[in-house]
Each structure stands twice: as structure tokens, then as C-alpha cells.
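According to full-length UniProt numbering, the sequence shown holds residues 1 to 302 in order. Idealized CB from N, CA, C, for every residue including glycine.
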Amino acid sequence: MAFTFRQLQYFVAVAEQGSVTRAAQNLSISQSSITEAIKELESDLGVELFDRHPRGLTTTHNGHQFLRHATKILADVSDARRSFSDNRTAEKGQLNLGVTSLVAGYVLSDLLSRYRRGFPGIDVSAIEDNGSYLEHLLVGGELDVAVMVISNLRDRMALQAEIIETSPYRLWLPIGHPLVSADIISVSDIAKEPLIMLTVDEIEENTGKLLSALGARPHVAFRTRSVEAVRSLVATGAGIALLPDLVYRPWSLEGDRIESRDVSGALPVVQVGMVWRKGSSLPQAARDFVGLAEALRSGRGR
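This is the structure:
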């Protein structure tokens, strides 16, 4: 029996949530329906897609590989449906985008891919830079819209922001680390460990403030602007990392496993959003881009 579209939807939901319970709540269906669909999918593919443990589920290496294909299939079907209901695909125009480095590969890439397929006549120009410079370009009218971290948006009087994703901080650990099996992980536990610090957007600032509030000085073992470098360093035991969940992937480029755990206490969250200049009349291409982002956010919440 070939796998079904619905099985793919359920699989992606569980992979993203790490829990059958949370996936069932988001999809408004029973847990048994999801569990049965996943079993049938694994049987059809002949591989195990998830490792089951008391904390929930994590994708196996095969599951991680299949997730990319499943996500693309769902996106292609969504685009195919949109092509019959949207009459703007033949429109010509220009869209000037800005993006911060943290979200470029984790939010914008998928969003931009869908936009290009849905609006092939639009010429898209994108620039990656830090948040303050993108704000300057938005206020000056040099960018139509930016996809960026808005938790620390500076010029809120001049800019309009729409949240498209909220991501909590979680702890990244190598396999076999003592904290992997801990029932509760506190911020004070983190302060004792060598820390791999990501230095893009507000990540370093937030992590430093969090540990300083406890009177603990972070023991920073390595600073880098590369998320992939963080993955490799954590996976090989060089340290731990405290990062937004949106950039978490369970495998490093070398194929080593990375564990992710919740930390007790009030941790900051990263808000990613669409930002544009207040009072400006957005061109149709920009309105379509914002509308697509909002539609995708609504789809993830169902």
C-alpha cells in the first residue's frame, strides 16, 4: 500500500512537535489516528522514522532524511492548489526583501521558494544584513519588507511588524551528556558547562543576560556566527548551546546526533516577523508576500 497525503501531514506534524499529543492537539484529531498513520507509513517505507522515548519522539536518521521529502511534497501540493485559485501568478513586478542572518536559512528559504512558485512574474531582490541596518533601509524606503527577528525591534514608532513564528530557547547537548537524562534542567546547571555561543542577531546578548541574572558568568568555549559550526561542536562534545528551537536539527553535517531539552525557568523567546514601514502603501508584490507568510503561519497552527 502506498503512503497517503494524510500520513505525510501527520508525520510532519509529529516531527515538528516532537510529540504525538501536541501534534494531535494542533491538528484537532485523536492521538490514535496519528499513531496508526505513523505505523502504516513506517511499514510502507520499511524503516523506523522515530525513536520513541519517555519525553516524546525524535526523528531517526532515516526520519530526518524523509522529512525533507515529505515537507517538499506537502509544499508542492499546496502550491498546485493555489495555482487554481490565484489569478496573480502572471503579474509582473519587483519585490525588495531584507533578511537577518539567523532566519535566512530557516524561515526565508522555504517562504521565498513558495513565493517564487506562486508568483513567477515577480523579480525578487533580497539582501542579508543585521537588524539595525535593515530597519534603516525600511524606513528609507529602500526595502519593501524584511523577514527578521523582531523581539528586539528598535524603531517601533516607524515600523509595522507581523509575527510569523515564535521560537523558545532550548538546550542542545551531545549524546551521552549527563544532562540528557536529567528530569529537570535549570539555568544554573547550564552555567557550569562550556558554552558554544552563536553571535548572530540577539542570541549572544540574550544568553549572556540570562546567565548574568543568576550571577553566573558564562563559560564561553567558542564563539561563532555559524549555526552549522555550533551543531558540529555540540555533537562532538566541545560544549553545549542554548538556542531558539527554530534552528534546531537533530544531526550535524557529519551525521552526529544532537539532543534538545527544555530548561526550567523563564527563558526568552525569539519572535520572527515581517516588518515594513508604517504608513507606506505596500506594492502588490509585497502584500502578496506578507499574505503568503500569514497563510503559512495559520496552516502550521491548525
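Kindly give me the distance between the Cβ atoms of residue 307 and L67, rounded to whole angstroms, as I take these residues to be in contact under 8 Å.
No statement about residue 307 is possible, as the shown extent of the chain runs from 1 to 302 and does not include it.
Quick one: what's got a C-beta closer than 8 Å to L246's C-beta in the same chain, skipping five residues either side?
The residue labelled residue 246 in the question sits at position 246 within the sequence shown. The residues are V103, Y106, V107, E165, S167, V270, V272.
Is the beta carbon of S101 less than 8 Å from the beta carbon of D201?
Looking up residue 101 in the sequence shown gives position 101. Looking up residue 201 in the sequence shown gives position 201. Cβ atoms of S101 and D201: closer than 8 Å.
Check each candidate in F50, H53, F11 and name the one with the smallest Cα separation from I34.
For the purposes of this step, residue 34 is taken as the residue at position 34 of the sequence shown. That would be F11, whose Cα lies nearest to the Cα of I34.
Give me the Cα-Cα distance between R302 and S30, rounded to the nearest whole angstrom.
Position 302 of the sequence shown, counted from the first residue, corresponds to residue 302. Position 30 of the sequence shown, counted from the first residue, corresponds to residue 30. Residue placement at R302 is flagged as unreliable, the pLDDT there being 39, under the threshold of 50; a coordinate-derived value is accordingly withheld.
Do you know how far the Cα of I122 is from the Cα of R287?
Here residue 287 is taken as the residue at index 287 of the sequence shown, counted from 1. Here residue 122 is taken as the residue at index 122 of the sequence shown, counted from 1. If you take the alpha carbons of R287 and I122, they lie about 12 Å apart.
Is it true that the CB of L171 sits closer than 8 Å to the CB of V275?
Here residue 275 is taken as the residue at index 275 of the sequence shown, counted from 1. Here residue 171 is taken as the residue at index 171 of the sequence shown, counted from 1. No, the pair does not count as a contact, with Cβ atoms beyond the cut-off.
Buried or exposed: where does R114 fall if 16 or more other Cβ atoms within 10 Å of its Cβ makes it buried?
Residue mapping note: residue 114 aligns to position 114 of the sequence shown, counting from 1. It counts as buried.
Between L195 and E204, is the Cβ-Cβ spacing less than 8 Å?
Here the question's residue 195 lines up with position 195 in the sequence shown. Here the question's residue 204 lines up with position 204 in the sequence shown. Contact flag unset, no.
Roughly how many angstroms lie between the CA atoms of A161 and L111, to the nearest whole one?
Here the question's residue 161 lines up with position 161 in the sequence shown. Here the question's residue 111 lines up with position 111 in the sequence shown. Going from the Cα of A161 to the Cα of L111 covers about 17 Å.
Closest residue to A70 among S232, G291, A13, R257 (Cα-Cα distance):
As a working note, residue 70 is residue 70 in the sequence shown. A70 has its Cα closest to that of A13, out of S232, G291, A13, R257.
Please report the distance separating the alpha-carbon of F37 from that of Q7.
Here residue 37 corresponds to residue number 37 of the sequence shown, with the count starting at 1. Here residue 7 corresponds to residue number 7 of the sequence shown, with the count starting at 1. Note that residue 37 is Ala in the sequence shown, not Phe. In a straight line, the C-alpha of A37 is about 5 Å away from that of Q7.
Please give me, in chain order, every unbroken run of the beta strand (DSSP E) with length at least 3 that falls completely inside the segment 24 to 75.
50 to 53, 56 to 59
Distance between A2 and D44 (C-alpha atoms, nearest Å)
Numbered from its first residue, the sequence shown carries residue 44 at position 44. Numbered from its first residue, the sequence shown carries residue 2 at position 2. So the alpha carbons of these two residues sit roughly 7 Å apart.
Can you check which of these residues, E142, P218, V147, L95, is closest to A285 by C-alpha distance?
On the sequence shown, residue 285 is found 285 positions in, with the first residue counted as 1. Looking at the Cα atoms, L95 is the closest of the given residues.
Can you find the residues in the same chain that come closer than 8 Å, C-beta to C-beta, to V290, ignoring five residues on each side of it along the sequence?
For the purposes of this step, residue 290 is taken as the residue at position 290 of the sequence shown. The answer, listed in chain order, is V145, E162, M274, W276, L282.
With burial defined as no fewer than 16 other Cβ atoms inside 10 Å of the residue's Cβ, what is the status of S252: buried or exposed?
Along the sequence shown, read from residue 1 onward, the residue named residue 252 stands at position 252. S252 should be labelled buried.
Checking the sheet assignment: what are the DSSP bridge partners for residue 339?
Absent from the structure is residue 339, since the part of the chain shown begins at 1 and ends at 302.
For R261, the first and last residue of its enclosing beta strand (DSSP E):
Indexing the sequence shown from 1 puts residue 261 at position 261. Start and end: 258 to 261.
When you compare only the Cα positions, how much space is there between S260 and P250?
In the sequence shown, residue 260 corresponds to position 260, counting from 1. In the sequence shown, residue 250 corresponds to position 250, counting from 1. When rounded, the distance between both Cα atoms is 8 Å.
Rounded C-beta distance between E48 and N62? I'm assuming under 8 Å.
Position 48 of the sequence shown, counted from the first residue, corresponds to residue 48. Position 62 of the sequence shown, counted from the first residue, corresponds to residue 62. Contact holds; Cβ gap of about 7 Å.
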